[in-house]
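Data block below; observations after.
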Amino acid sequence: MSSRMKSPYTSQPFTVRSVNRRNLILTGSAAAAIMALVGRISQVYAQSAPLERSAQFSEALAKILNGATPTPERITLELPEIAENGNGVSFSLAVETPMTTDDYVKAIHLLSTANPQALVATYSFRPINTKAQTTGRMRLAKTQDVIAVAELSNGTVLICERNVKVTIGGCGN
Amino acid sequence: MSIKPRIRLPEVIKTGDVIEVKTLVTHVMETGNRKTPDGSIIPRNIIKLFVAKFEGEEVFRCDLGSGIAANPYIAFFMRVPGPGQFEFSWTDDLGQTEIERTPLTTA
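If you read the sequences in order, they're chains A and B.
Position one of the first sequence corresponds to residue -7 (this note's numbering), numbered consecutively onward.
Position one of the second sequence corresponds to residue 21 (this note's numbering), numbered consecutively onward.
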């Protein structure tokens, strides 16, 4: 609420904004709500500092890589950024590949860095699949990085990862 | 095993089409991490292997771990060489296998 007044000292017109109780309460609540929202969001994103990866994950990954150096290209792993419920999180996997008998994807492995069991699934493909693509639902025990590794018929290994923030974990604990 | 497999193929299929085959089964996929109220572990019991064959030849395989959610949904693509018979099988930790056969007819 504002009102035009004349300064008692200079007689120049100026506008006074009076703070009445209604304005104060509304502004205060809005500020509090924004603070709470920002607080919640930063809490969720505060966990994007490098996360620890389980020993089972490192072991499982080493076994799959078998000494090869994976390249982070041509493979996509889709997962939501935030999963409300870790019991069933949809994912999709895809590799850009001609899928000919000379050049095809042999397998795609899906790994969790923080579940009790690291190897989530292995999908084995043949040229007749034509697309090295699949979808499914996985369990996520808690906020973590999820890794996908593809083995190609010519020995190339591809890798990619996604981070998922999990609100309620779901591995049966 | 009574896992009620459900298979979804496209309505109209022509030889040469690349189709998506969608499968769904009911299964608790017990992880082996859960405990009963008195503290003992509920033993793991999951479907650990899915194999799809077309006309007797394997076309897709999935090795599942306990990190796959209950009621596993498994889907894959395939170029249709002609009409024929699909055979899908799901094998669990106890070694039991459920088989479902579905014909693929081409328009």
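Using N, Cα and C, we set each Cβ at its ideal position, and we do this for glycine too.
Bear in mind that the values here come from a model prediction, so they are computed numbers and not experimental data.
In the DSSP assignment, Ser84(A) falls within the unbroken beta strand (DSSP E) covering 81 to 87.
With respect to the C-alpha of Pro63(B), the residue from Asp113(B), Thr126(B), Glu118(B) having the closest C-alpha is Asp113(B). In terms of beta-carbon proximity, Ala89(B) lines the interface with chain A, with at least one pair separated by less than 9 Å. Around the CB of Val38(B), fewer than 16 other CB atoms lie within 10 Å, so the residue is classed as exposed. Counting only runs of 3 or more residues that sit fully inside the region 83 to 158 of chain A, the beta strand (DSSP E) segments are 97 to 104, 111 to 116, 124 to 130, 136 to 144, in chain order. DSSP places Ser109(B) inside the beta strand (DSSP E), whose first and last residues are 104 to 112. Within 10 angstroms of the beta-carbon of Gly85(B) lie 16 or more other beta-carbons, which makes it buried.
Residue state for Arg14(A) is assigned as helix, using DSSP reduced to three classes. Contacts with chain B at 9 Å (Cβ-Cβ) do not include Met27(A).
Phe49(A) is not bridged by DSSP to any residue. Classified as buried, Gln136(A) has 16 or more neighbouring CB atoms from the shown chains inside 10 Å of its CB. The beta carbons of Lys34(B) and Val100(B) sit closer together than 9 Å. When the alpha-carbon of Ile160(A) is set against those of Pro72(A), Asn146(A), Gly78(A), the nearest one is in Gly78(A). Spanning the alpha carbons of Thr92(A) and Ser145(A) requires a straight line of approximately 10 Å. The residues Glu78, Arg81, Ser109, in chain order, have a CB closer than 7 Å to that of Val71(B) in the same chain once the five nearest residues on each side in sequence are set aside. Rounded to whole angstroms, Pro25(B) and Thr117(B) show a C-alpha spacing of 12 Å. Look at the region 40 to 68 of chain A: it has no residue with a C-beta under 9 Å from a C-beta of chain B. Chain-ordered, the chain A residues with CB closer than 7 Å to the CB of Gly85(B) read Gln109, Leu111, Val112, Ala113. Identification of chain B residues near Arg154(A) by a Cβ-Cβ cut-off of 7 Å yields none; the smallest Cβ-Cβ distance measures about 14 Å. Nearest Cα to Asn155(A) within the set Ala60(A), Glu70(A), Thr114(A), Val149(A): Glu70(A).
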